[in-house]
Each structure stands twice: as C-alpha cells, then as structure tokens.
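K.L.:
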Amino acid sequence: MEKSKWKVYPLVVGEAEVGKVLDVFWSLTKDNSKVTVPIMAWLLIPQGEGDPILVDTGFRDAQRCEEVHGLGPHRTKPEWSLEEQLGKHGLALEDIKTVILTHLHYDHAGGCAQFSNAKFIIQRSELQAAAAPLASSFLEIGGGSLFYDRKDIAELIDPLWTQVELIEGDVEVAPGIQCVLYSNTHTPGSQAVYVNTGNGTAIILGDIARNVELNVNQGIPPGLFYDLEATYRAMNRIKKDGDFILPSHDYEVVKEYQSGLPK
Ligand SMILES: [Zn+2]
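Heads up, the sequence shown is in our numbering, so the first residue is 33 and it goes up one at a time.
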C-alpha cells in the first residue's frame with residue numbers, strides 16, 4: 033500500500049527577541065547579539081483521506097513570557113492566533129482532533145486549552161521532566177524551571193488530562209506521520225515529527241536544533257541541551273533522515289515554505 037502523503041504549513045503564532053546564544057553552544061560563541069525569532073506551530077494536511085494534525089500550540093501570553101521566564105520582548109497579533117490561521121485553511125479550532133507537542137516549553141505548549149476536541153500526543157518522559165524539572169533557581173532566565181510554565185503543565189494534568197495521550201519512544205501516530213523521541217537533547221523528552229510529504233521526509237524538530245546551517249549542517253550544538261553527546265548524535269541522525277529540516281524558530285524556514293511544503 034502506498035504511504036499517506038501530507039502537506040506541511042508553517043504557522044507563525046508569535047514572535048520573540050532572544051539572545052543569539054540560544055543558537056550556538058553557550059561557551060563557544062562570542063556573539064552577544066539579539067535576534068527576532070518566530071514562535072511557530074505547524075499544520076499537517078493529508079493529501080487524501082484523514083484529519084489534519086497540529087504540531088505545537090504557541091505561548092500563553094506575551095507578558096507572562098517576560099515576567100515568568102525572564103526573557104526579552106514577546107509579541108502577538110490577532111492574525112497570528114491559531115483560530116485565524118486555521119481559518120485560512122477552512123478549519124476551526126474544533127476540527128483539530130490531534131495535536132502533537134514536540135516538547136512542553138512555554139512557547140510550544142501554551143495554547144492547548146483552545147482545542148476541546150483534540151488529543152495531545154506527548155512523550156511520557158517530557159511530561160515527567162516538565163512537572164518536576166531539574167533546574168537551578170540561580171539561572172537568570174528560564175524562571176527556575178528551564179522554560180516550562182507550571183500553568184501549562186497543570187492544565188495538561190488537569191483539566192486536559194483525559195485528552196492527553198502519553199507515548200514512549202518512536203510511534204507512528206497516523207499513516208505517514210511518526211513521532212521520534214530524541215531523549216535529553218533540547219529537553220528530556222523532545223520528539224521530532226517525521227512527515228511523509230510524498231517528495232521526501234520533512235522533520236519538524238521542535239527546538240532539537242534551532243538553526244539548520246549552524247546546528248545541523250555544521251554540527252554545532254544549539255545553546256540549550258541536556259546531554260551533549262545525545263545532541264551531537266541527534267544532529268547527525270536528523271541530517272541523514274530528513275529531506276526537509278524544519279526547526280521552530282527560524283524566519284528563513286517560514287519564508288521558504290510559507291505556501292506549504294512540498295511546493
Ligand atoms: Zn521554542
């Protein structure tokens with residue numbers, strides 16, 4: 033049987049000003065500049081039978097990002113809301129029955145409550161790490177819980193708990209869509225989403241890598257990771273497995289694929 037094919041649409045759901053150090057292994061860069069990055073979700077539309085899938089849900093509110101996590105300015109616009117963006121594809125929030133969360137950081141798991149009909153596919157190790165993060169309270173950014181927002185985690189545990197589907201390891205969640213666990217890379221339970229586009233495999237990375245050229249092509253780890261060796265191995269594997277590599281904070285990727293992938 034032929035594998036199901038999907039079209040991938042990048043959705044910008046917010047914007048943030050962050051230190052460029054997040055792109056490059058902390059101790060090995062002298063670049064102290066700031067960059068403006070998109071906060072993204074991804075819409076997967078089947079090219080045939082089946083329901084659309086959303087990957088990630090953006091952040092809760094801009095002010096909270098700055099106050100709780102000690103980060104720079106965050107912005108939203110009405111036209112960046114998930115409701116508006118799904119609307120452009122003829123979809124309502126209630127039409128989304130599956131949301132895959134790459135990881136549970138505030139800028140990926142902040143908008144889950146909007147999806148009353150969705151199940152949320154999360155790696156068990158990620159929910160565990162997010163609920164009880166191993167983090168120093170002395171770090172200046174990250175809010176003492178390394179970018180997990182307790183409000184998001186509390187929401188998933190209750191009232192959204194009956195919608196949560198925990199997985200462990202690599203799982204095909206729909207024909208042509210596979211969640212692949214990359215333990216202890218950007219977070220303990222980060223997962224990438226492998227999408228069969230019919231024209232190669234697109235890999236939605238979450239934040240396992242932030243910048244394709246630096247992190248994947250040049251193999252320089254990004255600024256935030258748990259295990260350096262796991263991160264090196266992830267960069268190598270992603271480079272091998274992916275025909276289209278889609279990190280979540282890179283405006284170049286948005287520009288390149290704004291009208292959908294494959295083109
Ligand atoms: Zn992120």
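Every residue, glycine too, gets a C-beta built ideally from N, C-alpha and C.
Tell me where the alpha helix (DSSP H) around TYR226 begins and ends.
P.N.:
As a working mapping, residue 226 is identified with position 194 in the sequence shown. Where TYR226 is concerned, there is no enclosing alpha helix (DSSP H), although the beta strand (DSSP E) it sits in stretches over 223 to 228.
K.L.:
So what's GLU197 in DSSP terms, helix, strand or just coil?
P.N.:
Translated into the one-based positions of the sequence shown, residue 197 becomes position 165. Correct three-state label for GLU197: strand.
K.L.:
Quick check on ILE252: does DSSP put it in helix, strand or coil?
P.N.:
The count along the sequence shown starts at 1 and reaches residue 252 at position 220. Correct three-state label for ILE252: coil.
K.L.:
Taking DSSP as the reference, what is the three-state secondary structure of THR89?
P.N.:
Within the sequence shown, numbered from 1, the residue matching residue 89 stands at position 57. Coil at THR89, not helix or strand.
K.L.:
What residue range does the beta strand (DSSP E) around CYS211 cover?
P.N.:
For the purposes of this step, residue 211 is taken as the residue at position 179 of the sequence shown. 209 to 213 is the span of the beta strand (DSSP E), which, as asked, contains CYS211.
K.L.:
Can you give the Cα-Cα distance for PRO191 and CYS144, rounded to whole angstroms?
P.N.:
As a first step, residue 191 must be located in the sequence shown, where it is residue number 159. As a first step, residue 144 must be located in the sequence shown, where it is residue number 112. So the alpha carbons of these two residues sit roughly 11 Å apart.
K.L.:
Answer yes or no: the CB of SER280 versus the heavy atoms of ligand 1, is any distance below 7 Å?
P.N.:
For the purposes of this step, residue 280 is taken as the residue at position 248 of the sequence shown. True, at least one ligand heavy atom lies under 7 Å from that Cβ.
K.L.:
Got a sec? Which residues, its chain only, sit under 7 Å from VAL285 by beta carbon, not counting five neighbours each side?
P.N.:
Here residue 285 is taken as the residue at index 253 of the sequence shown, counted from 1. Contacts found: PRO42, LEU278 and PRO279.
K.L.:
Return yes when the Cβ of ASP202 is within less than 8 Å of the Cβ of HIS135, no when it is not.
P.N.:
Counting from 1 along the sequence shown, the entry for residue 135 is found at position 103. Counting from 1 along the sequence shown, the entry for residue 202 is found at position 170. Not closer than 8 Å, so no.
K.L.:
Compute the Euclidean distance between the alpha carbons of CYS97 and ASN268, then round it to the nearest angstrom.
P.N.:
As a working note, residue 97 is residue 65 in the sequence shown. As a working note, residue 268 is residue 236 in the sequence shown. Approximately 32 Å, taken between the alpha carbons.
K.L.:
Among PRO78, VAL67 and VAL44, which has the Cα closest to the Cα of GLY230?
P.N.:
As a working mapping, residue 230 is identified with position 198 in the sequence shown. Minimum Cα distance to GLY230 is reached at PRO78.
K.L.:
Return yes when at least one heavy atom of ligand 1 lies under 7 Å from the C-beta of ASP93, else no.
P.N.:
Indexing the sequence shown from 1 puts residue 93 at position 61. Checking the Cβ of ASP93 against ligand 1 gives no.
K.L.:
Are the Cβ atoms of ILE173 and GLY102 separated by less than 8 Å?
P.N.:
Here residue 173 is taken as the residue at index 141 of the sequence shown, counted from 1. Here residue 102 is taken as the residue at index 70 of the sequence shown, counted from 1. Closer than 8 Å, so yes.
K.L.:
If you draw a straight line from the alpha carbon of HIS281 to that of LEU293, how long is it in whole angstroms?
P.N.:
Taking the first residue of the sequence shown as 1, we reach residue 281 at position 249. Taking the first residue of the sequence shown as 1, we reach residue 293 at position 261. The alpha-carbon atoms of HIS281 and LEU293 are separated by roughly 17 Å.
K.L.:
Under 7 Å from any heavy atom of ligand 1, does the C-beta of HIS106 make it?
P.N.:
In the sequence shown, residue 106 corresponds to position 74, counting from 1. No, the beta carbon of HIS106 sits no closer than 7 Å to any heavy atom of ligand 1.
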